[in-house]
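Colleague: My questions will all concern the structure given below.
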Amino acid sequence: MVITLLASTCQINARPQKVYILTTISYLVPIVKAIGGAMVEVECLIPQGADPHYYELTPADISKLEKADIVVMTGPSHLPVEAKIEEIIRERGLSKVIVNYKNYTKLGFNLLKLPNGKVNPHGYFLSLRGIRAISKSIAKALAIINPENTSYYSRNLEEYLNKINDIETLSK
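Each step along the sequence shown adds one to the number in this note's numbering, with nothing skipped, and position 127 is 128.
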């Protein structure tokens, strides 16, 4: 009986714990799910229908933030709530992997400048180039948090990028 209990305890502990990922906007959720697959739990912070430009964090949101392993955001300086998230992480000394526009630009993605010299951060996460950069950034972040499953994330990334390439080919 003791052996059975020990064996069942080992099986419970052997189950991989999912990486908890928090996104600021809903458009990022399917990208995260495609790369993370069964190894992630993904939740969007800003509720559907809320204006992300005016959204303010609730105590429940802060609890989610504290629980998150990875936070995926838009940027650059796009949403005030994202600046607040970074501030809370810094002030509380939380150890989080943040994925945002800075990561995407390191992979060669840049926003086009408007006539006034500023960039328009709206919608790049809907473009194929933007989705590629976001996908690669998420795979890198997952490999940092969960290195034992890097090959799983890499396979998912490759499959996802192939689908994006197929879409791009069909659209030409």
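From the three backbone atoms N, C-alpha and C, an ideal C-beta is built for every residue, glycine too. From a predicted model like this one, the values you see are computed outputs, not experimental measurements.
Using DSSP with H/G/I as helix, E/B as strand and the rest coil, what is residue 24?
Modeller: It is a strand residue.
Colleague: Short check: CB of residue 56 to CB of residue 75, under 9 Å?
Modeller: In this structure, residue 75 does not lie closer than 9 Å to residue 56 by Cβ.
Colleague: Kindly indicate the opening and closing residues of the alpha helix (DSSP H) around residue 98.
Modeller: Not the alpha helix (DSSP H): residue 98 falls in the beta strand (DSSP E), residues 98-100.
Colleague: Starting from the N-terminal side, write out each stretch of the alpha helix (DSSP H) that is 4 residues or longer and does not extend beyond the stretch 96-170.
Modeller: As far as the stretch 96-170 is concerned, its whole alpha helix (DSSP H) runs of at least 4 residues are 102-107 and 129-146.
Colleague: Mind checking residue 62: buried by the 16 CB within 10 Å criterion, or exposed?
Modeller: So residue 62 ends up on the buried side.
Colleague: Ignoring anything shorter than 4 residues or poking outside the stretch 31-106, list the alpha helix (DSSP H) runs there in chain order.
Modeller: Within the stretch 31-106, the complete alpha helix (DSSP H) runs of at least 4 residues are 60-68 and 81-93.
Colleague: Check whether the stretch 65-74 touches the stretch 107-126, taking contact to mean three or more Cβ pairs, one atom from each stretch, closer than 8 Å.
Modeller: Result no; under three Cβ-Cβ pairs closer than 8 Å.
Colleague: Does the distance from the C-beta atom of residue 80 to that of residue 53 stay below 9 Å?
Modeller: Yes; because the gap between Cβ atoms is below 9 Å, this pair is in contact.
Colleague: How long is the line joining the alpha carbons of residue 145 and residue 138, rounded to whole angstroms?
Modeller: Cα to Cα, the separation comes out at about 11 Å.
Colleague: Buried or exposed: where does residue 133 fall if 16 or more other Cβ atoms within 10 Å of its Cβ makes it buried?
Modeller: So residue 133 ends up on the buried side.
Colleague: My understanding is that residue 136 touches residue 47, with C-beta atoms under 8 Å, so please give their C-beta distance in whole angstroms.
Modeller: The pair is not a contact, with the Cβ atoms about 21 Å apart (cut-off 8 Å).
Colleague: Measuring from the CB of residue 153, is there a heavy atom of the ligand ATP at a distance below 8 Å?
Modeller: As presented, the structure is devoid of all ligands, the ligand ATP included, so that no description of it is given.
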